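**Q**
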Amino acid sequence: MHHRRGRLRHEIIRLTIVLPVKFRLVGVLLVAALFVGVVAPASRVASAQSSAILEEIAVRDKLVAAQESLLNTYRCLYDIDTHAVAGGCVRGNPADGPVAPGEFQGVPTAEEVVVRDKLIAAQESLLNTYRCRFDVDTQLVPGGCVGGEPAVIPEVGEEPASNPDVDSCAGVRLVSTDIGVTEDTITVLVMADVGSPLAPGLFQGSIDAVKAWAGKLNSEGGLACRRIEVLEHDSQINPIETANGFLAACEYALSLVGTTALFTLDTSDLQYCPDAAGSRIGVPDFASTSTELPHQCSVVTFAISRPGSECPYFGYGRRTAQSQVGPVQWILENVQPDLHGVYLIPGDLPSTIAATMPQIRSFQEIGVGIDAEPGVSGFTTQAEYGAFLQTMREANSNFAYTGSDDQSMIKWRSEADALGLNSDNVIWMCSQACYTSAFLEAGAEIEGTYVWLPFLPFEEAAQNQELADFMAAIDDPFPPAWAAGSWAAGVLFEQIVNDVVAEGGLNALTRQAVLDRVRSLNSFDVNGWWGPADFTSTEKARPCFVLLQVQNRSFKRVYPGAKGTLDCNSDNLVTLRRNWITEFKG
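The opening residue of the sequence shown carries number 37 in the working numbering; numbering runs sequentially from there.
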């Protein structure tokens, strides 16, 4: 059993309860099949097919023995069907200890496998009966227990397909279907870097956004006729705390939602967490972003900010990557046809370098000249930006792009003013990292800076209902951009749950069902707020963007001209294959 679920309740007083005849009979048949059905005189078949079947039989015999051992433990502990325990019970334990699998001596046929599969199913049925009858390990019972008996889970199609917009809760008996799903709640966990002294409150906006999303849904009646409960975990820009967050999600949540953790170096607890049935399928992770390679290539992670990179990948050699070039292409065609300049690369971590290099090489692919590509750190002082500006002077650069954050651009432009560089001749540009209220507060020094986004700007809530709902729920006139990603992750989770329920009914909600559904989703646009994303592959980046410019201390739409629109042309993406770590020359 899973490490947290194998706790038998030793304080329960010994009871003698007689199960219905059909259950006692099943117990006897199980023992008979275990010790008699595996032996039959015949010659060993040496063909490859027979060897494969023999291996299948061996795997099942081990499982049969393990389940019979657990059945015997329950029988002796609760003094039930003890006649089915070989050797009887002594002081509440099987006298002969665990059951050992027998060595198969017969002809390995497909029928032998079928016989064992039926036996395993019968064992599991009896185990679940014991669990519900004695209230032990009930979290392992699919659908949970109702009135001391295993709940009956409707088969797919047994319930009419439900429409989340219609009151489909009336008359439906809800049950617990997996970890994080009870008859009245769905538990999710949001993990974000918040409490680190290096950057206090860094991604608090992600937590706020997930809680606001859940609050909105709960005010409208919940999700799948259940209330959403949000657990919080502070990953503290710390790989150990990040791993602890995955363990907490494994233990208590149906899914992670809005994950915004930079140091996701180990996803083994995320990808191999067992569900309520003990299958190590992992925990669905609807992340806002994924920066580190193990997170990008996790088979259970579905980041709103798509990686745009090939997976699986093991950290060395060439890797295919897709990058957004649309905003710079527009500048080339409409503002400055001969762009060349300096691109600042966030160089604190190998992962940030590897994530940034595809974009700079893609800019070169469409005709942008790179005069220099130095690394920059969050600890780089304003005065140290002078070296970058000296390079720009010497090369007569007309383009300055930072792959870092808003403070990087503020320092760069402030130092340019201090040194007397004519900023009017330079195209200054950065991504959504500069889409902050703090950036605007820098005043005249950042005037004219171009900022591009993969979603409609906050100023256009009147043009999109999902954006309007976000702005109303988050209760912040200018929330951080990563809050938008975490809200979008919540909407993605919501859509997947609704799809699962529409197909299989209100009691079809499991981790496996969620994973199956999202892995087949090839277009998701957060109800028109963002451009469409494809979750069938990690290699496909979002093609859409809107270009803004700082004008008079506010962000003004430059392109496309119409509010509420994005440019989603497929030509906005460039695909390259390189060794991105060795590409960095800074």
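Where is the CB? At the ideal position from N, CA and C, for every residue including glycine. In this text, all values refer to a predicted model and were calculated from it rather than measured experimentally.
On the three-state DSSP scale, how would you describe Pro77?
**A** Because the pLDDT of Pro77 is 33, which lies under 50, any placement of that residue in the model is unreliable, and the question is left without a value.
**Q** Between the beta-carbon of Thr223 and the beta-carbon of Leu292, is there less than 8 angstroms?
**A** No; because the gap between Cβ atoms is not below 8 angstroms, this pair is not in contact.
**Q** Closest by CA to Ala228, which one among Ile264, Asp214, Glu185, Phe299?
**A** When only C-alpha atoms are compared, the closest one is Phe299.
**Q** By Cβ distance, which residues of its chain are closer than 7 angstroms to Thr174, with the 5 residues on each side in sequence left out?
**A** If we look at Thr174 and ignore the five residues flanking it on each side, its Cβ neighbours are Arg167, Cys168, Gly180, Cys181.
**Q** Helix, strand or coil for Arg263? Go by DSSP, reduced to three states.
**A** Three-state result, Arg263: strand.
**Q** Can you tell me the Cα-Cα spacing of Leu70 and Ser304, whole angstroms?
**A** Residue confidence is low: Leu70 scores 32 on pLDDT, short of 50, so the model does not pin down where it sits. No coordinate-derived value is stated.
**Q** Determine, using beta carbons only, whether Tyr308 and Leu225 come nearer to each other than 8 angstroms.
**A** No, they are not a contact pair.
**Q** Is the beta carbon of Gln426 within less than 7 angstroms of some heavy atom of the ligand SAH?
**A** Judged by which ligands are present, the structure shown has none, so any question about the ligand SAH falls away.
**Q** Could you give the residue range of the alpha helix (DSSP H) that holds Thr388?
**A** Element bounds for Thr388: 386 to 401.
**Q** Does Val336 pass the burial test, meaning 16 or more other C-beta atoms within 10 Å, or should it be called exposed?
**A** The residue in question, Val336, is buried, as its Cβ has 16 or more Cβ neighbours within 10 Å.
**Q** Under the three-state reduction of DSSP, which class applies to Ser291: helix, strand or coil?
**A** Strand at Ser291.
**Q** Distance check for Gly567 and Thr165, CA to CA, integer angstroms please.
**A** About 49 angstroms.
**Q** Classify Leu234: buried if its beta carbon has 16 or more other beta carbons within 10 angstroms, exposed otherwise.
**A** Label assigned to Leu234: exposed.
**Q** Whole angstroms is fine: what's the gap from Asn558's alpha carbon to Leu528's?
**A** Each residue's Cα considered, the two are about 12 angstroms apart.
**Q** Does the beta-carbon distance from Phe581 to Ala569 come in below 8 angstroms?
**A** No. Outside cutoff.
**Q** Please classify Ile617: does DSSP put it in a helix, a strand, or coil?
**A** Correct three-state label for Ile617: helix.
**Q** Do Val586 and Glu483 come within 8 angstroms of each other at the CB atom, strictly closer than that value?
**A** Yes, the pair counts as a contact, with Cβ atoms nearer than the cut-off.
**Q** Would you give the residue range spanned by the beta strand (DSSP E) that Ala248 belongs to?
**A** Note, Ala248: premise wrong, no beta strand (DSSP E); alpha helix (DSSP H) at 240 to 255.
**Q** Rounded to whole angstroms, what is the Cα-Cα separation between Ser606 and Val364?
**A** About 15 angstroms.
**Q** Only counting runs of 4 or more residues, tell me where the alpha helix (DSSP H) segments fall wholly within the segment 476 to 544, in order along the chain.
**A** List check, alpha helix (DSSP H) in window: 501 to 510, 517 to 540.
**Q** Quick one, which of Arg589, Pro490, Asn432 has its alpha-carbon nearest Thr601's?
**A** Comparing Cα positions, the closest option is Pro490.
**Q** Nearest by alpha-carbon distance to Thr356: which of Ile617, Ile93, Leu612 is it?
**A** Comparing Cα-Cα distances from Thr356 to each of Ile617, Ile93, Leu612, the minimum goes to Leu612.
**Q** Per DSSP, what kind of secondary structure is Ser334 in: helix, strand or coil?
**A** Ser334: coil per DSSP, three-state reduction.
**Q** Between which two residues does the alpha helix (DSSP H) carrying Arg169 extend?
**A** Here the alpha helix (DSSP H) through Arg169 covers 146 to 170.
**Q** My assumption, with CB atoms under 8 angstroms, is that Leu609 sits in contact with Val487. Please give the rounded CB distance.
**A** Actually they do not touch by this definition, with Cβ atoms about 19 angstroms apart.
**Q** On the DSSP letters alone, give me the boundaries of the beta strand (DSSP E) that Ala120 sits inside.
**A** Careful: Ala120 lies outside any beta strand (DSSP E) and carries neither H nor E.
**Q** Three Cβ pairs or more, each shorter than 8 angstroms: is that satisfied between the segment 515 to 535 and the segment 589 to 603?
**A** Touching, no, given that fewer than three Cβ pairs across the two stretches are closer than 8 angstroms.
**Q** CB-CB under 7 angstroms to Val404, same chain, minus the five flanking residues each way: which ones, in chain order?
**A** Closer than 7 angstroms at Cβ, skipping near neighbours: Val364, Leu375, His376, Phe435.
**Q** With H, G and I counted as helix, E and B as strand and the rest as coil, what does DSSP make of Trp366?
**A** Note: Trp366 maps to helix in three-state DSSP.
**Q** Is it buried or exposed for Pro513, if we count other Cβ within 10 angstroms and need 16 for buried?
**A** It is exposed - the Cβ of Pro513 has fewer than 16 other Cβ atoms within 10 Å.
**Q** What's the C-alpha gap between Asn108 and Ala120?
**A** About 8 angstroms.
**Q** Assuming Thr296 contacts Thr325 under a Cβ cut-off of 8 angstroms, what Cβ separation, rounded to an integer in Å, is found between them?
**A** The Cβ separation is near 6 angstroms, so the contact holds.
**Q** Under DSSP, the beta strand (DSSP E) around Arg593 begins and ends at which residues?
**A** Arg593 -> beta strand (DSSP E) spans 591 to 595.
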